[in-house]
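This report refers to the structure that appears directly beneath it.
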Amino acid sequence: MSSSFIYQPHVHQSNGGVVTPDIAINRVYIFEGGRHSAFPVSQLTSRVVTQRYGSVFSVVPMVAIIEAGFGMLLSIGVACANSLLVSRQAWRYRDVSDDYGDLILQSRTVPGGGPCVDSEIAIGELPSVSNIMEVLGHRTAISPGTAVFAMKSASSDGPVVADRYEVILEGPESSLSFEIDLQPIH
2 MSSSFIYQPH
12 VHQSNGGVVT
22 PDIAINRVYI
32 FEGGRHSAFP
42 VSQLTSRVVT
52 QRYGSVFSVV
62 PMVAIIEAGF
72 GMLLSIGVAC
82 ANSLLVSRQA
92 WRYRDVSDDY
102 GDLILQSRTV
112 PGGGPCVDSE
122 IAIGELPSVS
132 NIMEVLGHRT
142 AISPGTAVFA
152 MKSASSDGPV
162 VADRYEVILE
172 GPESSLSFEI
182 DLQPIH
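Structure representation (structure tokens):
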């Protein structure tokens with residue numbers, strides 16, 4: 002089992018530049034509704050192609066907050082069978098913190114070649130960054146090397162099963178969006 006995951010995000014900065022640091026993640030937490038739990042670091046990945054086991058494969062979109070040592074990063078993630086995927090695209094949290102409440106997490110699924118099923122979650126419906134920091138015992142940031150994934154409580158319908166997924170985090174400006182294409186292989 003790995004004790005850390007080397008995260009190499011492309012961090013989009015407010016000056017228009019992009020940097021790609023190496024960040025060792027050694028703690029992962031998932032916040033869902035009012036609960037949180039630790040998640041094995043060994044199951045964290047940034048691969049966008051995942052093998053499907055059997056005929057069922059489902060995902061749950063998440064917002065990812067990563068403490069990089071030089072400040073928090075904001076990205077997106079996807080929980081799927083036996084793994085947690087994190088996008089290699091990220092923003093510095095301080096660059097988007099004023100707009101954080103206006104961000105929208107969207108997911109699009111293409112089930113079996115059929116039409117897309119769209120869902121949207123307002124980031125305000127997820128656990129807040131200040132609540133996450135308080136729960137983890139910090140007032141101004143989370144510990145370096147920590148990744149936190151926040152998701153909305155699962156609906157009673159459960160996740161949608163599909164052949165292709167897109168997860169997008171959009172801000173008030175169109176330039177603040179990126180996506181994960183997750184394509185399971187059989």
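One rule links them: number in our numbering = place in the sequence shown (from 1) + 1.
Even glycine gets a Cβ: it sits at the ideal position worked out from N, Cα and C.
{"Check": "Candidates V79, Y101, P22, Q107: closest to G146 by CA position", "Outcome": "P22"}
{"Check": "Residue closest to L85, alpha-carbon to alpha-carbon, out of S108, C117, D103, I31", "Outcome": "I31"}
{"Check": "Through-space distance from A151 to R28, alpha-carbon basis", "Outcome": "14 angstroms"}
{"Check": "Range covered by the beta strand (DSSP E) that runs through E171", "Outcome": "165 to 171"}
{"Check": "Cβ contact (3+ pairs, closer than 8 angstroms) linking the region 70 to 86 and the region 42 to 49", "Outcome": "yes"}
{"Check": "Selected residue, minimal CA-CA separation from M73, among P173, E171, A142", "Outcome": "A142"}
{"Check": "Nearest-angstrom beta carbon gap, L104 and I77 [assumed within contact, 8 angstroms]", "Outcome": "With a Cβ gap of about 10 angstroms, I77 and L104 do not count as contacting."}
{"Check": "Delimiting residues of the beta strand (DSSP E) encompassing E135", "Outcome": "Careful: E135 lies outside any beta strand (DSSP E), inside the alpha helix (DSSP H) at 130 to 136."}
{"Check": "Exposed unless 16 or more other CB atoms sit within 10 angstroms - verdict on A39", "Outcome": "exposed"}
{"Check": "Beta-carbon spacing of R109, E167 below 8 angstroms", "Outcome": "yes"}
{"Check": "Segments of 4+ residues assigned as alpha helix (DSSP H) that fall wholly inside the region 59 to 132", "Outcome": "94 to 97"}
{"Check": "Beta-carbon gap between R93 and P10 smaller than 8 angstroms", "Outcome": "no"}
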